[in-house]
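Yeah, the sequence shown ends on 372 if you go by our numbering, and it's all consecutive. Here the structure is laid out as structure tokens; the discussion comes afterwards.
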Amino acid sequence: MIISFLINFILGYQFYNFLYYLVNRYELILLSFVFVGTKLLKTKKYKKVQTKINKNFISIIVPAKNEEGNIEKTLNGLKSIEYNKELYEIIIVNDNSTDNTLQILNDLNLPSNFKIVNRERKTGFVAGVLNDGIKSISDKSDVIGIIDSDTIPTKNILKVIDNYFIEGFKGAVQPQEWHYNNKDSVLTRSQHILCIYENYQNIDECKFKIGHFYSTDIVNNLKYNENSILEDVEMSVEIKKNFEIIPIKDVLVYRTFHNNIKSIYSQQYRYQLGSIMYAYKNKFFLDDMIIPMVLFFNLISIPYIGILNFIKFNVIIFLIIFNLVYYSLGKHFRSSYLEAISNCPNELVDIVLKQDKYNLIDIFYAT
Numbered sequence: 006m007i008i009s010f011l012i013n014f015i016l017g018y019q020f021y022n023f024l025y026y027l028v029n030r031y032e033l034i035l036l037s038f039v040f041v042g043t044k045l046l047k048t049k050k051y052k053k054v055q056t057k058i059n060k061n062f063i064s065i066i067v068p069a070k071n072e073e074g075n076i077e078k079t080l081n082g083l084k085s086i087e088y089n090k091e092l093y094e095i096i097i098v099n100d101n102s103t104d105n106t107l108q109i110l111n112d113l114n115l116p117s118n119f120k121i122v123n124r125e126r127k128t129g130f131v132a133g134v135l136n137d138g139i140k141s142i143s144d145k146s147d148v149i150g151i152i153d154s155d156t157i158p159t160k161n162i163l164k165v166i167d168n169y170f171i172e173g174f175k176g177a178v179q180p181q182e183w184h185y186n187n188k189d190s191v192l193t194r195s196q197h198i199l200c201i202y203e204n205y206q207n208i209d210e211c212k213f214k215i216g217h218f219y220s221t222d223i224v225n226n227l228k229y230n231e232n233s234i235l236e237d238v239e240m241s242v243e244i245k246k247n248f249e250i251i252p253i254k255d256v257l258v259y260r261t262f263h264n265n266i267k268s269i270y271s272q273q274y275r276y277q278l279g280s281i282m283y284a285y286k287n288k289f290f291l292d293d294m295i296i297p298m299v300l301f302f303n304l305i306s307i308p309y310i311g312i313l314n315f316i317k318f319n320v321i322i323f324l325i326i327f328n329l330v331y332y333s334l335g336k337h338f339r340s341s342y343l344e345a346i347s348n349c350p351n352e353l354v355d356i357v358l359k360q361d362k363y364n365l366i367d368i369f370y371a372t
């Protein structure tokens with residue numbers, strides 16, 4: 006509870022002071038129910054396609070920087086993909102790793118359709134790595150996929166992805182995520198809950214996450230923005246201006262989460278900073294700016310902190326969380342869990358089987 010208090014103290018409870026002067030507390034409670042409930046209770050549907058004969062050539066790019074603890078497991082998962090070996094390639098881009106990543110890559114007995122690219126330049130953030138990987142894809146490539154180096158995809162992922170592009174579809178496809186952390190802690194569980202909520206939210210928003218696929222026609226006109234630290238989200242927003250992005254749940258990408266506060270903070274700081282920069286550049290606000298707005302009002306209101314406002318803010322937070330969990334997210338979590346089990350690679354089954362429960366503490370930390 007001390008950690009919960011500190012998180013609230015730092016991340017937002019004085020934001021209530023600002024809202025309190027706009028509406029009275031009863032209206033705020035009502036608005037929280039209406040806003041969250043309306044947003045989460047909308048009917049959302051995934052698109053599915055029937056299985057056909059695979060024919061697209063798919064290039065998967067795996068950016069890797071200092072991933073000695075993950076890269077072998079990821080590549081073993083990619084080697085297990087059930088797809089015609091003549092119709093896909095794996096391009097691992099070693100981004101100037103300073104650990105044993107490159108040595109591990111060289112020591113692995115990789116199939117002939119796996120290619121290691123040693124990146125020489127150091128500019129462009131992750132976007133630069135992806136752009137360099139795209140330069141190395143085969144001329145016959147029809148679809149480009151991005152898979153992070155700490156993930157394991159379902160074995161049928163390319164068969165399913167291919168079906169979305171088989172009729173000349175020129176857009177993009179975004180699978181859901183699940184996680185396979187061996188370490189079970191409040192930090193990994195809360196990140197997992199947040200991931201499930203983002204999956205749910207992404208049915209409408211269709212922003213790119215760690216595993217996404219799109220037609221090679223797209224990169225003839227678009228490249229990842231090398232000045233951005235939120236390159237995947239930016240890319241998806243630009244793609245949506247002219248193409249469709251389809252969210253799917255018949256395959257998943259399983260990933261790991263950080264299990265220490267320093268790494269989590271570093272990751273979330275990058276995400277939020279990237280959101281602020283992109284929102285400012287494109288002059289939009291609302292959802293992507295809520296957390297930065299909370300942080301801003303905390304910063305300017307810290308001298309005026311009072312215990313009464315702390316209590317009032319936490320009442321609002323509790324009501325929003327209660328509404329979120331019991332009216333929508335709980336049902337979606339269970340549905341996602343069943344999908345995760347049905348698609349799970351054999352080596353991850355035991356881990357995923359233990360992930361069918363969560364509690365309000367996990368939800369609270371996830372916020």
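For every residue, glycine included, the Cβ atom is placed at its ideal position computed from N, Cα and C.
Distance between residue j and residue i (C-alpha atoms, nearest Å)
{"i": "serine 85", "j": "glutamate 352", "result": "11 angstroms"}
{"i": "histidine 337", "j": "isoleucine 201", "result": "8 angstroms"}
{"i": "glutamate 249", "j": "asparagine 187", "result": "36 angstroms"}
{"i": "serine 268", "j": "glutamate 72", "result": "14 angstroms"}
{"i": "phenylalanine 213", "j": "asparagine 114", "result": "31 angstroms"}
{"i": "valine 191", "j": "serine 143", "result": "43 angstroms"}
{"i": "serine 340", "j": "glutamate 125", "result": "44 angstroms"}
{"i": "asparagine 89", "j": "serine 141", "result": "20 angstroms"}
{"i": "aspartate 255", "j": "glutamine 108", "result": "35 angstroms"}
{"i": "leucine 33", "j": "asparagine 226", "result": "Only weak support is given to the placement of leucine 33: the predicted model assigns it a pLDDT of 42, under 50, and the value that follows is read from those uncertain coordinates. Roughly 45 angstroms between the two C-alpha positions."}
{"i": "lysine 70", "j": "leucine 334", "result": "34 angstroms"}
{"i": "glutamate 231", "j": "serine 241", "result": "14 angstroms"}
{"i": "asparagine 22", "j": "tyrosine 370", "result": "Model confidence at asparagine 22 stands at a pLDDT of 44, short of 50, so the residue's coordinates are unreliable and nothing is read from them."}
{"i": "asparagine 118", "j": "threonine 79", "result": "15 angstroms"}
{"i": "tyrosine 363", "j": "leucine 83", "result": "30 angstroms"}
{"i": "asparagine 81", "j": "proline 116", "result": "11 angstroms"}
{"i": "glutamine 206", "j": "valine 134", "result": "28 angstroms"}
Helix, strand or coil at residue i [DSSP, three-state]
{"i": "glutamine 277", "result": "helix"}
{"i": "arginine 339", "result": "helix"}
{"i": "phenylalanine 170", "result": "helix"}
{"i": "serine 333", "result": "helix"}
{"i": "phenylalanine 38", "result": "Here the model assigns phenylalanine 38 a pLDDT of 45, short of 50, so the residue's position is not dependable and the matter cannot be decided."}
{"i": "glutamine 360", "result": "coil"}
{"i": "glycine 150", "result": "strand"}
{"i": "isoleucine 201", "result": "helix"}
{"i": "asparagine 81", "result": "helix"}
{"i": "lysine 120", "result": "strand"}
{"i": "leucine 235", "result": "coil"}
{"i": "threonine 159", "result": "coil"}
{"i": "phenylalanine 62", "result": "coil"}
{"i": "arginine 194", "result": "helix"}
{"i": "asparagine 136", "result": "helix"}
{"i": "glutamate 94", "result": "strand"}
{"i": "leucine 257", "result": "strand"}
{"i": "tyrosine 88", "result": "coil"}
Contacts around residue i, its chain only, beta-carbon distance under 7 angstroms, and the 5 residues preceding and following it disregarded
{"i": "glutamate 87", "result": "Lys160, Asn161 and Lys164"}
{"i": "lysine 127", "result": "Asn101"}
{"i": "valine 131", "result": "Pro68 and Glu236"}
{"i": "cysteine 211", "result": "Gln179, Ser241, Lys245, Ile250 and Pro252"}
When the options are compared against residue i, the one with the closest alpha-carbon
{"i": "aspartate 367", "options": "Ala132, Ile198, Lys228 and Thr128", "result": "Ile198"}
{"i": "asparagine 265", "options": "Gly176, Asp209 and Gln196", "result": "Gln196"}
{"i": "asparagine 247", "options": "Lys362, Lys60, Tyr219 and Ile121", "result": "Tyr219"}
{"i": "isoleucine 253", "options": "Arg339, Asp209 and Tyr274", "result": "Asp209"}
{"i": "glutamate 91", "options": "Leu80, Gln273 and Lys145", "result": "Lys145"}
{"i": "aspartate 355", "options": "Ile171, Asp189 and Ile251", "result": "Asp189"}
{"i": "leucine 257", "options": "Tyr342, Asn118 and Lys78", "result": "Tyr342"}
{"i": "asparagine 61", "options": "Gly133, Gln277 and Tyr93", "result": "Tyr93"}
Beta-carbon proximity list for residue i, same chain, < 6 angstroms, skipping 5 on both sides
{"i": "glycine 138", "result": "Ile66, Ile96 and Val98"}
{"i": "asparagine 1", "result": "With the chain running from 6 to 372 in the structure shown, residue 1 is simply not present."}
{"i": "valine 224", "result": "Ile139"}
C-beta atoms of residue i and residue j nearer than 7 angstroms
{"i": "asparagine 204", "j": "glutamine 179", "result": "no"}
{"i": "asparagine 168", "j": "lysine 228", "result": "no"}
{"i": "isoleucine 152", "j": "glycine 216", "result": "yes"}
{"i": "threonine 261", "j": "aspartate 155", "result": "yes"}
{"i": "threonine 106", "j": "isoleucine 76", "result": "yes"}
{"i": "alanine 177", "j": "isoleucine 244", "result": "yes"}
{"i": "proline 350", "j": "isoleucine 157", "result": "yes"}
{"i": "methionine 63", "j": "valine 148", "result": "The sequence given here places isoleucine at residue 63; methionine does not occur at that position. It is a contact, given that the beta carbons lie within the stated cut-off."}
{"i": "isoleucine 234", "j": "glycine 279", "result": "yes"}
{"i": "tyrosine 274", "j": "glutamate 239", "result": "no"}
Neighbourhood of residue i by C-beta distance below 8 angstroms, restricted to the same chain and skipping five residues each side
{"i": "serine 347", "result": "none"}
{"i": "asparagine 111", "result": "Ile121"}
{"i": "leucine 358", "result": "Ile346"}
{"i": "histidine 184", "result": "Thr193, Gln196, His197, Cys200, Tyr259, Arg260, Thr261, Phe262 and Gln360"}
{"i": "glutamine 272", "result": "His263"}
{"i": "lysine 175", "result": "Ser220, Asp222, Ile223 and Phe248"}
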